[in-house]
Each structure stands twice: as structure tokens, then as C-alpha cells.
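Peer 1: Could you have a look at this structure, given as C-alpha cells, before my questions?
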Amino acid sequence: MNSLTFTMDVEDPRPSGSKARRYDLITRRVLEELDHYHITGTFFIVGALAQKDQNLVRSIADAGHEVGLHSMNHVPLPLQNPTQFFRETRDGRASLQDITGQRIAGYRAPVFSLTPDTLWAPDLLQEAGFDYSSSILPARNPLFSFATAPRRPFRWPGGLLEIPAPVGRFGPLSLPYLGGIYFRYLPFRAIVKKLHQSDPSPGLWLYFHPHDFDPEEKFYRLKDCSWAVSLLLWFRRSQTLKRFQYLINNLPDTGFTPPFAAQIEAGDYDDAPLFNPPPQPA
Numbered sequence: 136m137n138s139l140t141f142t143m144d145v146e147d148p149r150p151s152g153s154k155a156r157r158y159d160l161i162t163r164r165v166l167e168e169l170d171h172y173h174i175t176g177t178f179f180i181v182g183a184l185a186q187k188d189q190n191l192v193r194s195i196a197d198a199g200h201e202v203g204l205h206s207m208n209h210v211p212l213p214l215q216n217p218t219q220f221f222r223e224t225r226d227g228r229a230s231l232q233d234i235t236g237q238r239i240a241g242y243r244a245p246v247f248s249l250t251p252d253t254l255w256a257p258d259l260l261q262e263a264g265f266d267y268s269s270s271i272l273p274a275r276n277p278l279f280s281f282a283t284a285p286r287r288p289f290r291w292p293g294g295l296l297e298i299p300a301p302v303g304r305f306g307p308l309s310l311p312y313l314g315g316i317y318f319r320y321l322p323f324r325a326i327v328k329k330l331h332q333s334d335p336s337p338g339l340w341l342y343f344h345p346h347d348f349d350p351e352e353k354f355y356r357l358k359d360c361s362w363a364v365s366l367l368l369w370f371r372r373s374q375t376l377k378r379f380q381y382l383i384n385n386l387p388d389t390g391f392t393p394p395f396a397a398q399i400e401a402g403d404y405d406d407a408p409l410f411n412p413p414p415q416p417a
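Start counting the sequence shown at 136; every next residue gets the next number (the working numbering).
Structural data, given as C-alpha cells:
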């Protein structure tokens, strides 16, 4: 039986406050959907957003979901320096713990931006108090990727657990098919087939954003995105909920696991192997 973990990255992609804020409304709709199916998952929340919308964060935690940090201001790791990163990440984790009353164990980098060029990050995450990261895409990608990293959960040399984005082969490409635009655009039969072929070991997870579930939002150019990418992220949003519900209702061999922190506590990743990244060219 395949076991999936539900994850969501809660962020605000608006270019300015002049656009209607919808991430809180849609996140609450998703919470209702998950409650209906008795599913709990992990919500990685941007720290600055959490400080502004503490009631939303508490609603997530009070519904039984794990809360993790999705960076302080949604800045990709290569655009930060280690000192800035450590300070913001440590403070963001402390803030989330104060808001939720939970111990914050997990971190997800924006845009899967933990890459061979940002190998300083795992040790700093561990020093900041995190137990695990879910920050790498172990396949080639035009944005950020770590194609030489393992595709199953592993530990960095310092001991931090890494839970990579699940990828599958579609023609000549390896794609993170269980979330975002890939979950919307790829042929759904191919997604289901790939899911059935996947190793049932821990580390198979879905990933979404509030906007993935929001077909009613009017189109606008997103922050830090081109018009073309913004259109890509806007189209076919109505497919997300339909496909998610299909996985729940029509695949009896697919179930849902507790949040990542609960899996770690249960020992599901105790056998994760060590990964020593090869030295990068000077």
C-alpha cells in the first residue's frame, strides 16, 4: 500500500497589498477538506506571514496538523548569506513555537532551493533546532535542483534528516509529479500509474500551495514571476481538488500518513542512509 503525506506551503504570492488576499481563505477551505477525510499533514508557513496572521497559524495547529517553517521571507537560499539565514531561520522557528505551542521540527526551503551551492544550510538548520528538512528536488530543473542527491530520505553528514521531493520519470524528464503545477498538468492516469510504481517506503508526499486550490482568483502577475510563469501557475487550478479527492476516494491501495514529525517520532526514518555530497568544483 502506498502511503502519502499531505504537505502545504503557506505563502503570499501577491505582488502588492492592492490585490485581494486569498491565501487565508483558501487555507481554511483546505483545512475543512482535510478534516472531512480525517487527514492530518504538515504545513510549512512563511515566518513573516505567520507573524501577521497568527490566528490562521493557530487554526492549522489546533486542527492537529504539524507546522513547519517555510523560510522567514520566502527568499531562495542562494540569495541569502549563511549569517542572515541562520539568524532569520532561528528567529522564525522561535516565533512559530510561540504562536502554536508546538515544537517546530521541520523546514522547507523556498522553491526547493537547497542545492549543491547551498550546502552550508543543513548544518545551520540543525544548529537552529530543526530535526529535518524537506528542501531538495533530486532531479534537473530550470530553477533549483540537486540532481545528484538521493531520491529517498537520507541524512546529511551532520545528522539532519532530509526528505526529498518525490520524483517520477515522464518520458525524458524526471518531475516532482505529486504537487504544484505538475499535479495539475500531467496526465492524471500517468500520475496514478507512477504512484502505483513507487516504492511504498516513507517519504512519499504531496505538496501544494493555497493558490493551487483557488480557481476563483483573478489572474495577475505574481511576485518574482514572469507573465508566462504566472499564467502557468493560474491555469487548471480547478483540477487540484478534483484530483486530490480522486486519490482519496478511488485508490483503495493509497492511504495517508500522519505528519512528518510524527513519522520521525515513530522511527520511520531511523534507517535513512548517510549522504556525503561530492565536493563542488572551485
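Ideal Cβ placement from N, Cα and C applies to all residues, glycine included.
Taking the DSSP output, what are the residues bridged to TRP340?
Peer 2: Per DSSP, THR140.
Peer 1: Quick check on DSSP: helix, strand or coil for TYR317?
Peer 2: If DSSP states are grouped into helix, strand and coil, TYR317 belongs with the helices.
Peer 1: Just list the beta strand (DSSP E) runs in the segment 278–336, keeping only unbroken ones of 3 residues or longer that don't cross its boundaries, in chain order.
Peer 2: Those beta strand (DSSP E) runs which fall completely within the segment 278–336 and span 3+ residues are 303–305, 308–310.
Peer 1: Suppose contacts are defined by Cβ-Cβ distances below 8 Å. Is LEU184 in contact with VAL145 by that definition?
Peer 2: In contact: LEU184 and VAL145 (Cβ atoms closer than 8 Å).
Peer 1: Return the CA-CA distance between SER336 and ASP406, expressed in angstroms with no decimal places.
Peer 2: Going by the C-alpha atoms only, they are around 11 Å apart.
Peer 1: Quickly, what does DSSP pair TRP145 with across the bridge? List them, please.
Peer 2: Note that residue 145 is Val in the sequence shown here, rather than Trp. Bridge partners of VAL145: ILE180.
Peer 1: So, with DSSP's three-state summary, where would you put GLY227?
Peer 2: Note: GLY227 maps to helix in three-state DSSP.
Peer 1: Skipping 5 residues on each side, what residues in its chain have a beta carbon closer than 7 Å to that of LEU357?
Peer 2: The residues are PRO148, PRO150, SER365, LEU368.
Peer 1: So, under 8 Å CB-CB, PRO322 and TRP291 are touching, yes? Tell me the CB distance rounded to an integer number of Å.
Peer 2: That pair is no contact at about 35 Å.
Peer 1: Apply the 10 Å Cβ neighbour rule to TRP362 and answer buried if 16 or more other Cβ atoms are within range, or exposed otherwise.
Peer 2: It counts as exposed.
Peer 1: Roughly how many angstroms lie between the CA atoms of ALA196 and THR235, to the nearest whole one?
Peer 2: Each residue's alpha carbon lies about 6 Å from the other.
Peer 1: For the putative contact between ASP252 and PRO213, defined by C-beta atoms under 8 Å, what is the C-beta separation to the nearest angstrom?
Peer 2: Contact holds; Cβ gap of about 6 Å.
Peer 1: Just the Cα atoms here: how many angstroms apart are SER138 and PRO394?
Peer 2: Using only the alpha carbons, I get a separation of about 12 Å.
Peer 1: Between PHE315 and TYR342, is the Cβ-Cβ spacing less than 8 Å?
Peer 2: It should be noted that the sequence gives Gly, not Phe, for residue 315. Contact: yes.
Peer 1: Bridge partners for GLU201 per DSSP, in chain order?
Peer 2: The partner list for GLU201 (beta bridge, DSSP) reads THR177.
Peer 1: Counting along the chain, where does the alpha helix (DSSP H) carrying THR375 start and finish?
Peer 2: Run containing THR375: 373–385, per the alpha helix (DSSP H) assignment.
Peer 1: Check whether the Cβ atoms of PRO285 and PRO299 sit closer than 8 Å, and answer yes or no.
Peer 2: Yes, these two residues count as a Cβ contact at 8 Å.
Peer 1: Short of 8 Å in beta carbon distance, which residues of its chain neighbour ARG193, apart from the five on each side in sequence? Order them along the chain.
Peer 2: ILE234, THR235.
Peer 1: Our contact map puts ILE399 next to LEU295 with C-beta atoms below 8 Å; I'd like the distance itself, whole angstroms only.
Peer 2: No, ILE399 and LEU295 are not in contact; Cβ-Cβ is about 11 Å, not under 8 Å.
Peer 1: In chain order, which alpha helix (DSSP H) runs of at least 4 residues are fully inside the segment 210–266?
Peer 2: Whole alpha helix (DSSP H) segments, 4+ residues: 217–235, 256–262.
Peer 1: Once the 5 residues before and after GLY293 are set aside, which same chain residues still bring their CB inside 8 Å of it?
Peer 2: Only PRO257, ASP258, GLN261 meet the Cβ criterion.
Peer 1: Is THR177 closer than 8 Å to GLU201 when the C-beta atoms are compared?
Peer 2: Yes, the pair counts as a contact, with Cβ atoms nearer than the cut-off.
Peer 1: Does the CB of LEU278 have a neighbour CB from chain D at under 8 Å?
Peer 2: No chain D appears in this structure, which consists of one protein chain only.
Peer 1: Excluding the 5 residues preceding and the 5 following ASP349 in the sequence, name in chain order all residues of the same chain whose CB lies nearer than 7 Å to its CB.
Peer 2: Excluding sequence neighbours, ASP349 sits near ARG157, ILE161, ARG372.
Peer 1: Under three-state DSSP, which class holds THR392?
Peer 2: Residue state, collapsed to three classes: coil.
Peer 1: In three-state DSSP terms, what is LEU357?
Peer 2: LEU357: coil per DSSP, three-state reduction.
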